[in-house]
Amino acid sequence: MEELFPNLALGFHTAVTIQNLAYCFIGVFAGTMVGVLPGIGPVAAIAMLLPTTFHLPTVSALIMLAGLFYGAQYGGSTTSILVNLPGESSSVVTCLDGYQMAKKGRAGPALAIAAIGSFIAGTFSTMLISFAGPALAKITLEFSAPEYFSLMAMGLIGSAVLAQGPLLKAIAMILTGLIFGMAGTDVNTGVPRFTFGAPGLADGISIVVLAMGMFGFAEILTNLEKGYDTAGRDLLTKKIDHLYPSLQDMKESIGPILRGTAIGSFLGLLPGAGPVLSSFTSYAVEKKMGKHPEEFGKGAIQGVAGPESANNGAAQSTFIPMLTLGIPSTGAMALMLGALMIHDIAPGPEVISKHPDLFWGLVVSMWVGNAILLLLNLPLIGLWVRLLQVPYRYLFPTILTMMAIGVYSLTNQAQSVYLMLLFGLLGYLFKKLNCEPAPLILAFVLGPMVEENLRRAMLISHGDPMVFLTRPISAGFLVAAILILVFMALPKVGKTRE
Amino acid sequence: MQWKIKNKEEFWSGMLFLGIGIFALVISRDYFIGSSARMGPGYFPTLVGILLSILGGIIALRSFGVEGKEIRAVSWRAIVMLTLAFLIFGWAMEKIGFVLAMFAMIACSMMAGKKLRLLELLIMSLVLITGSIALFIYGLKLPFPLFWW
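These protein sequence lines map, in sequence, to chains A and B.
Heads up: the first sequence is residues 1 to 498, going by my numbering.
Heads up: the second sequence is residues 499 to 647, going by my numbering.
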């Protein structure tokens, strides 16, 4: 605790340089754009921007990519409110009341309250990271191979349980991700596995290639199939005359904002839960707690304030397990973890002690980024609205060419482009068959660490699998994993989940 | 119980997972398995391959029991054009340079949409090619030759 201030000072020192402020700005600006534009999600966007960060210092790269991620949460709410079209899945519930508010000519207050709520939630979860992060890391420093294996197993099972669609398919996606993660040279023996003699695969499949295929290419193909076009949407732009919410609005929103912040910051910690679940939960809570539940769906400001705070709070707190345990809980965090590894930083509890400038710089930059977003979002609404009017038939060729250049630049060989195409087609097939890709990419990133820790644990125990159960912490994780599974397998819960 | 595929979505996802599982098993036959105390490179892939094959089989079998919705229609035009776009782009980047690779990419992907207007294609190509030369080749200094010479 007494170390917090020097640490935060280090963070400010790192984050508030002209260079890093600029990267933070680029990140949140691009992120808002991604959030506004339909048809490209934060995961694909991080994958697209990742190759351009290779030559940057690690801190700057992470600051920019993180900004992209939480900026997208802000952007997603803008389209929900103005055009009834969620830019991100975490803003789906914002459509319910946000769009109704816009229809009544209250788009300004809706956008403003979403931004203010997001800022409050962002500030709170940033503080949570700076308190909880080091504490968690200290506990996990005691972990050895069996604990890590069980922790990762629990994380993966959690992500399967919270994924959309049938549980069995989500588990199968995890196993598929583990297999993809094995491609490359086996660290222990130097044997090349699943490389098919291709020299480009000796270092394994690049996460950029996999994510861009599964999330970018597949998404665009699906959109084209639906005959997606943004033209002819009902834009409620003329009506934004007053931006700022009234005192009454603020009074009605402060409760939902604080509750949303708490819900989001907590749910963001759980594997696989993240922003989507928290925004739905917050909406349900507000509807139950509100004095006028009948107003929900008809433009209640509480229905915007709560979920928008929750999704941003969750977006930030998903960083905690990623940074301190090395366990990503969403697809976007899997990519952030991939970015760390590309910059030769071994993920895990040692990140904070070995790279304090990175950890604290990132934490502070998130707070700075939230402030930038609060200032930027409202004045720039006109720009975002204009961006929304760009027809999809101009948009998707642009996104595709950026993807192609990004992937090619990884190796300067056509091979990576073809590999991305392969994963893109596979990702499309998965989408078609209603298999959620997020658990796959989590398992892909964690795969090598899962295997490594399994091997080490079994070596220590001389091949006795009981080692995972005789060590109390490890057993605790496994029991928790089984409890989550059993709980979700109960028919009643299973139904509400769908 | 009738032996009829009631849920195509489940059936084909099961078959896909079964396929990936068996594929992993076949490939990892060549890797040394070792023992559970000293795992070789083949141990984990074989383990995961077996689990995935079993799970895929269960998912496929379950599809005979539960009713499910039909799979949405496939747009072959978009699939073929986007596949071509990336295949040609990869080849062209290595052989005939950035400008033509970009043009092929843009042309193919625009053909994936509903209808192609020539003027739109020309304007899009001009904007995207000059823009990305400025951004990627001059800005980020990526070493792409513009043409084949």
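By construction, the Cβ of each residue, glycine as well, lies at the ideal position given by its N, Cα and C atoms.
Give me the residue from the options with the minimum Cα distance to residue i.
{"i": "Leu514 of chain B", "options": "A:Thr470, A:Lys431, A:Val16 and A:Met403", "result": "A:Lys431"}
{"i": "Leu10 of chain A", "options": "A:Gly338, A:Val59 and A:Ala262", "result": "A:Val59"}
{"i": "Gly415 of chain A", "options": "B:Tyr636, B:Ser630, B:Pro539 and B:Ile586", "result": "The sequence as given places Gln at residue 415 of chain A; Gly does not occur at that position. Answer by Cα proximity: B:Ile586."}
{"i": "Ile113 of chain A", "options": "A:Gly306, A:Gly181 and A:Glu225", "result": "A:Gly306"}
{"i": "Leu141 of chain A", "options": "A:Leu325, A:Leu56 and A:Ala284", "result": "A:Leu325"}
{"i": "Val572 of chain B", "options": "A:Thr189, A:Val161 and A:Leu221", "result": "A:Leu221"}
{"i": "Ala457 of chain A", "options": "A:Arg471, A:Ile205, A:Met420 and A:Val445", "result": "A:Arg471"}
{"i": "Met603 of chain B", "options": "B:Gly554, B:Pro539 and B:Thr581", "result": "B:Thr581"}
{"i": "Val43 of chain A", "options": "A:Pro328, A:Thr401, A:Ser365 and A:Gln413", "result": "A:Pro328"}
{"i": "Leu446 of chain A", "options": "A:Pro86, A:Ser159, A:Thr78 and A:Ala66", "result": "A:Ser159"}
{"i": "Gly601 of chain B", "options": "A:Leu419, A:Val363 and A:Ile405", "result": "Note on residue identity: the sequence assigns Phe, not Gly, to residue 601 of chain B. Comparing Cα-Cα distances from Phe601 of chain B to each of A:Leu419, A:Val363 and A:Ile405, the minimum goes to A:Ile405."}
{"i": "Gly268 of chain A", "options": "A:Ile381, A:Met322 and A:Ala300", "result": "A:Met322"}
{"i": "Ser265 of chain A", "options": "A:Leu478, A:Leu49, A:Leu421 and A:Phe131", "result": "A:Phe131"}
{"i": "Leu478 of chain A", "options": "A:Ile179, A:Pro109, A:Met154 and A:Val390", "result": "A:Met154"}
{"i": "Val34 of chain A", "options": "A:Cys24, A:Leu50 and A:Leu68", "result": "A:Leu68"}
{"i": "Met449 of chain A", "options": "A:Leu156, A:Leu136, A:Ala475 and A:Ala72", "result": "A:Leu156"}
{"i": "Phe562 of chain B", "options": "B:Ala583, B:Leu638 and B:Glu507", "result": "B:Glu507"}
{"i": "Gly555 of chain A", "options": "B:Gly538, B:Gly547 and B:Phe509", "result": "Since the first residue of chain A shown is 1 and the last is 498, residue 555 of chain A is not available in this structure."}
{"i": "Ile81 of chain A", "options": "A:Ala66, A:Pro271 and A:Gly98", "result": "A:Gly98"}
{"i": "Ala45 of chain A", "options": "A:Ala72, A:Phe54, A:Leu56 and A:Leu62", "result": "A:Ala72"}
{"i": "Ser253 of chain A", "options": "A:Ile120, A:Leu358 and A:Tyr392", "result": "A:Ile120"}
{"i": "Val208 of chain A", "options": "A:Phe54, A:Ser118 and A:Leu224", "result": "A:Phe54"}
{"i": "Ala61 of chain A", "options": "A:Leu168, A:Ala102, A:Ala15 and A:Leu37", "result": "A:Ala15"}
In the DSSP output, which residue or residues are listed as bridge partners for residue i?
{"i": "Met537 of chain B", "result": "B:Gly532"}
{"i": "Arg193 of chain A", "result": "A:Gly184"}
Buried or exposed: residue i, going by 16 or more other Cβ atoms within 10 Å of its Cβ?
{"i": "Leu482 of chain A", "result": "The identity of residue 482 of chain A in the sequence shown is Ile, whereas the question assumes Leu. Label assigned to Ile482 of chain A: exposed."}
{"i": "Gln100 of chain A", "result": "buried"}
{"i": "Arg536 of chain B", "result": "exposed"}
{"i": "Ala346 of chain A", "result": "exposed"}
{"i": "Met466 of chain A", "result": "exposed"}
{"i": "Thr628 of chain B", "result": "exposed"}
{"i": "Thr367 of chain A", "result": "According to the sequence displayed, residue 367 of chain A carries Trp and not Thr. That one is buried."}
{"i": "Gln19 of chain A", "result": "exposed"}
{"i": "Arg386 of chain A", "result": "exposed"}
{"i": "Trp647 of chain B", "result": "exposed"}
{"i": "Val578 of chain B", "result": "exposed"}
{"i": "Lys495 of chain A", "result": "Only weak support is given to the placement of Lys495 of chain A: the predicted model assigns it a pLDDT of 47, under 50, and the question is left unresolved by the model."}
{"i": "Asn320 of chain A", "result": "Rather than Asn, the amino acid found at residue 320 of chain A in this sequence is Ile. With 16 or more other Cβ atoms within 10 Å, it is buried."}
{"i": "Lys287 of chain A", "result": "buried"}
{"i": "Arg527 of chain B", "result": "exposed"}
{"i": "Pro134 of chain A", "result": "buried"}
{"i": "Ile257 of chain A", "result": "buried"}
{"i": "Ala310 of chain A", "result": "buried"}
{"i": "Asn412 of chain A", "result": "exposed"}
{"i": "Glu451 of chain A", "result": "buried"}
{"i": "Met476 of chain B", "result": "Outside the displayed range of chain B (499 to 647) lies residue 476 of chain B, so it cannot be described from this structure."}
{"i": "Ser533 of chain B", "result": "exposed"}
{"i": "Gln389 of chain A", "result": "exposed"}
{"i": "Glu88 of chain A", "result": "buried"}
{"i": "Val486 of chain A", "result": "exposed"}
{"i": "Ala110 of chain A", "result": "buried"}
{"i": "Phe196 of chain A", "result": "exposed"}
{"i": "Arg570 of chain B", "result": "exposed"}
{"i": "Leu247 of chain A", "result": "exposed"}
{"i": "Trp360 of chain A", "result": "buried"}
{"i": "Val187 of chain A", "result": "exposed"}
{"i": "Asp344 of chain A", "result": "exposed"}
> What residues from the stretch 180-192 of chain A come within 8 angstroms of chain B, judged by C-beta to C-beta, listed N to C?
Replying inline: So the close ones are Met182, Asp186, Asn188, Thr189 and Val191.
>> For the stretch 214-230 of chain A, list every residue whose C-beta sits within 8 angstroms of some C-beta in chain B, in sequence order.
In response: Phe217, Ile220, Leu221, Leu224, Glu225 and Gly227
> Which whole runs of the beta strand (DSSP E) in the stretch 27-87 of chain A are 3 residues long or more, in chain order?
Replying inline: none
> What residues from the stretch 143-155 of chain A come within 9 angstroms of chain B, judged by C-beta to C-beta, listed N to C?
Replying inline: Only those residues of the stretch 143-155 of chain A whose C-beta falls short of 9 angstroms from the nearest C-beta of chain B would be listed, and there are none.
> For the stretch 601-612 of chain B, which residues have a beta carbon sitting closer than 8 angstroms to at least one beta carbon of chain A?
Replying inline: Met603, Ile604, Ser607, Met608, Ala610, Gly611 and Lys612
> Using a Cβ cut-off of 8 angstroms, which residues of the stretch 573-588 of chain B contact any Cβ in chain A, in chain order?
Replying inline: Ser573, Ala576, Ile577, Leu580, Thr581, Ala583, Phe584, Leu585, Phe587 and Gly588
> In chain order, what residues of the stretch 525-539 of chain B put their CB closer than 8 angstroms to some CB of chain A?
Replying inline: Ile525, Ser526, Tyr529, Phe530, Ser533, Ser534, Ala535, Arg536, Met537, Gly538 and Pro539
> At a Cβ cut of 7 angstroms, what residues of the stretch 386-400 of chain A count as close to chain B, listed as they run along the chain?
Replying inline: Arg393, Tyr394, Phe396, Pro397, Thr398 and Leu400
>> What are the residues in the stretch 620-639 of chain B lying within 8 angstroms of chain A by C-beta distance?
In response: Met622, Leu626, Ser630, Phe634 and Leu638
> Which of the residues in the stretch 544-560 of chain B, read from start to end, lie with their CB under 8 angstroms from any CB of chain A?
Replying inline: The residues in question are Val546, Gly547, Leu549, Leu550, Leu553, Gly554, Ile556, Ile557 and Arg560.
> Taking the runs of the beta strand (DSSP E) that are 3 residues or longer, which of them lie wholly in the stretch 289-365 of chain A?
Replying inline: none
> Which of the residues in the stretch 428-440 of chain A, read from start to end, lie with their CB under 9 angstroms from any CB of chain B?
Replying inline: Tyr428, Leu429, Phe430, Lys432, Leu433, Asn434 and Cys435
>> Please identify, using Cβ separations under 9 angstroms, the residues of the stretch 462-477 of chain A that lie next to chain B, in order along the chain.
In response: His462, Gly463, Asp464 and Pro465
>> Just to confirm the assignment: which complete alpha helix (DSSP H) runs, minimum length 4, are found wholly within the stretch 447-498 of chain A?
In response: Complete alpha helix (DSSP H) runs here, min 4: 467-470, 472-489 and 491-497.
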